[in-house]
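**Student:** Mind having a look at this structure? Questions to follow.
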Amino acid sequence: MRHWLLHPRLTLLVRLTLGLTFLLAALPKLGDPPGLAKTIWAYQLVPAFVLNPMALVLPWLELLCGVALLAGTWVRAAALWVGALLLAFSLALAVNLAQQRPIDCGCFGAAGPRTEAERLADMRWVLLRDLGLLLLVAQVLAATAPRKP
Amino acid sequence: MRPPWHSTTLRILTLGGTALLAALIANRLAAPARRLAWRTALPLSPAPAKPPGELERRAPTLPKVPPSAPEPHPQGARPAAAAPATNPAAPPVPEQTRTTSAPITEISSQEAWQAFQAGLPFLDARRSGEFTEGHLPGAWNTPVWEADLDDRLLDFKAQRRPAAGDAIVIYCSGGDCRDSQLLAEKLLAQGYFHLLIYREGYPDWVSRNHPVEKGAR
């Protein structure tokens, strides 16, 4: 079982999936930091002084990690970043979901106008997707773990 | 030999540092509508601003317009009742008005229409791209989330010269849009105390067949 889970081909597939996801998530956000700041503010979890720096740096971090995962360089460092980001995103979504506060995920840029029920339903799916992506990160981390001497 | 965690930590920090550097350069090169100030100039409270609908709903003090003003009306230019573009000698609001009305008040579609006919200034708090696609005729483009908001507000004040007590109508895209509220709080902090939020906003204006204008300002 362990042999299959850490198979190099599976690791490659997982790495490419994660890399592509983060690359695609970064591109629309890179072009519109004000929109991202507005989206992050809607989560009501980030203090005001962190909001704008976060909206400016986050897309670049996603882009760099995505490229690193696709290129196969610095995979472990990029996977650790991606894991930390996914954990933060999931937590932010979970908190808002628990409070039944419908927000736009903003994961792949700004979304069009939707009803509150649609947003809440979306948030559940996004939370599930993020948890799935976290499993992929765990696979990459396990496969790239430094071997004990 | 260095421990394996050493290089990973270094790489994590390098990735973060490179992202920061890239953001600094990209934001400097970005067009104003895509630029974001590193320090927010908005009064962003940690708790959400009052959700739409929970604002003060006292009767706003709108200038009187002729009761015969038709609504709806054909698409066209601003009605003749509208005031001129500049209003330099706007008298201050009487003391009595100040005490009976909250500084930030919500107004209905009907009241927004009356305010439009009375020639009150309208500030559009949405993104500049949305403004270009369509806005209330004569509205000022003051996108709260964009880096040049302060310049745009200065421009508005220089041209329109509103007194602290003059009514200013603010709108965004309706629904749960809180941009109008943010802009109102910013203007309140700057001393303006007769701010009217047209909560239903632009979609409502369009749905009522009121005149709209396209293009940047």
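Sequences listed follow chains A and B, in order. The first sequence begins at 1 in the numbering used here and counts up one residue at a time. The second sequence begins at 150 in the numbering used here and counts up one residue at a time. Glycine included, each C-beta is placed from N, C-alpha and C at the ideal position.
Could you round the C-beta distance between R160 (chain B) and A77 (chain A) to whole angstroms and report it? I think they count as a contact, below 8 Å.
**Tutor:** Correct: roughly 3 Å between the Cβ atoms.
**Student:** Quick one: grab the DSSP three-state call for F49 (chain A).
**Tutor:** Of the three classes helix, strand and coil, the one that applies to F49 (chain A) here is helix, per DSSP.
**Student:** Under the rule that 16 or more other beta-carbon atoms within 10 Å means buried, what is T189 (chain B), buried or exposed?
**Tutor:** The residue is buried, with at least 16 neighbouring Cβ atoms inside 10 Å.
**Student:** At the level of alpha carbons, what is the spacing between L344 (chain B) and G278 (chain B)?
**Tutor:** Each residue's alpha carbon lies about 24 Å from the other.
**Student:** Relative to the alpha-carbon of L142 (chain A), which residue among A:A111, A:L127 and A:A79 has its alpha-carbon at the smallest distance?
**Tutor:** It should be noted that the sequence gives Ala, not Leu, for residue 142 (chain A). The shortest Cα separation from A142 (chain A) among A:A111, A:L127 and A:A79 belongs to A:A79.
**Student:** Checking the sheet assignment: what are the DSSP bridge partners for V318 (chain B)?
**Tutor:** Per DSSP, B:F271 and B:L345.
**Student:** Who are the Cβ neighbours of G166 (chain B) in its own chain at under 8 Å, not counting the five residues just before and after it?
**Tutor:** Here the set comprises nothing.
**Student:** Throw me the rounded Cβ distance for the A274 (chain B) and D328 (chain B) pair, which I believe falls under 8 Å.
**Tutor:** Sure, about 4 Å apart at Cβ, within 8 Å.
**Student:** Considering only the beta carbon of each residue, do L61 (chain A) and W81 (chain A) sit closer than 8 Å?
**Tutor:** Yes.
**Student:** Under 7 Å Cβ to Cβ from E244 (chain B), same chain only, skipping five residues before and after it: list those, please.
**Tutor:** In this predicted model, E244 (chain B) has a pLDDT of only 41, less than 50, meaning its place in the structure is not dependable enough to derive any value.
**Student:** Can we say the stretch 67-77 of chain A touches the stretch 7-21 of chain A, given the rule of at least three CB pairs closer than 8 Å?
**Tutor:** Yes: at least three Cβ pairs fall under 8 Å.
**Student:** Between the alpha carbons of L269 (chain B) and S258 (chain B), how many angstroms are there, rounded?
**Tutor:** If I take the Cα positions, the gap works out to 14 Å.
**Student:** Could you tell me which chain B residues have their CB closer than 8 Å to the CB of F49 (chain A), listed as they occur along the chain?
**Tutor:** Those within 8 Å of F49 (chain A) in chain B are R188 and T189.
**Student:** If we ignore side chains and look at the alpha-carbon of each, how far apart do L20 (chain A) and L70 (chain A) end up?
**Tutor:** Taking the straight line joining both Cα atoms gives about 7 Å.
**Student:** What residues are listed by DSSP as bridge partners for I253 (chain B)?
**Tutor:** I253 (chain B) is bridged to B:L344.
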